[in-house]
Amino acid sequence: MILLRHKMIFSQHGQALVEFALVLPVLLLLVFGIIEFGRIYASNIMINNAAREGARAASLGVPDEDIIIIVKDRCTFLDPTKLAISITPVPLERATGNPVNIDVGYPLEINTPIISSITGDPCQISARITMRAE
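Residue numbers for the sequence shown follow our numbering, beginning at 81 and rising by one.
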């Protein structure tokens, strides 16, 4: 009886290791998924705020070169060379009361392979803000 009890205790030593090996990939996918979607969400908020500030400057009559600088300055954690900024209409066609559109796009690189198959790599983030010229 003592010998049987002794074998049962030692036969379950690897069970926790096997369970951990089965759960670890799911746990890592969950953690890295949270990190990647947090990056996407933070970049989306940054792009929207940058486009809003650029549209506000455009509605006040700021030149296009300065608007582009304003938008790039507001995207602090993003690569400014990858930002696609479009301002319509051209400065000569802007009149008081007419809308001014600012489109900002950014291709965000996804680092986690499984998440990149869900969101696409790169994940295109864009914002379009319209304000009335003053």
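Beta carbons are placed, not taken as given, at the ideal position from N, Cα and C, and that holds for glycine.
Note that the C-beta distance between THR199 and ILE120 is below 8 angstroms. The continuous stretches of beta strand (DSSP E) do not include THR176, and DSSP gives it neither H nor E. In the assembly as shown, LEU108 is an exposed residue. Its beta-carbon has fewer than 16 other beta-carbons within 10 Å.
Cβ neighbours of GLY113 within its own chain (closer than 6 angstroms, five residues either side excluded): ILE195. VAL180 is positioned such that its CB atom lies no closer than 8 angstroms to that of ALA207. Here ILE194 carries a helix assignment [DSSP, helix/strand/coil]. Rounded to the nearest whole angstrom, the C-alpha separation of GLY94 and ALA101 is 11 angstroms. In this structure, LEU140 is the residue among LEU140, PRO105, ARG154 with its C-alpha nearest to the C-alpha of MET211.
Per DSSP, the continuous beta strand (DSSP E) segment holding ALA164 begins and ends at 164-168.
With fewer than 16 other CB atoms across the displayed protein chains lying within 10 angstroms of its CB, GLY118 is exposed. Per DSSP, the beta-bridge partners of SER206 are GLY185.
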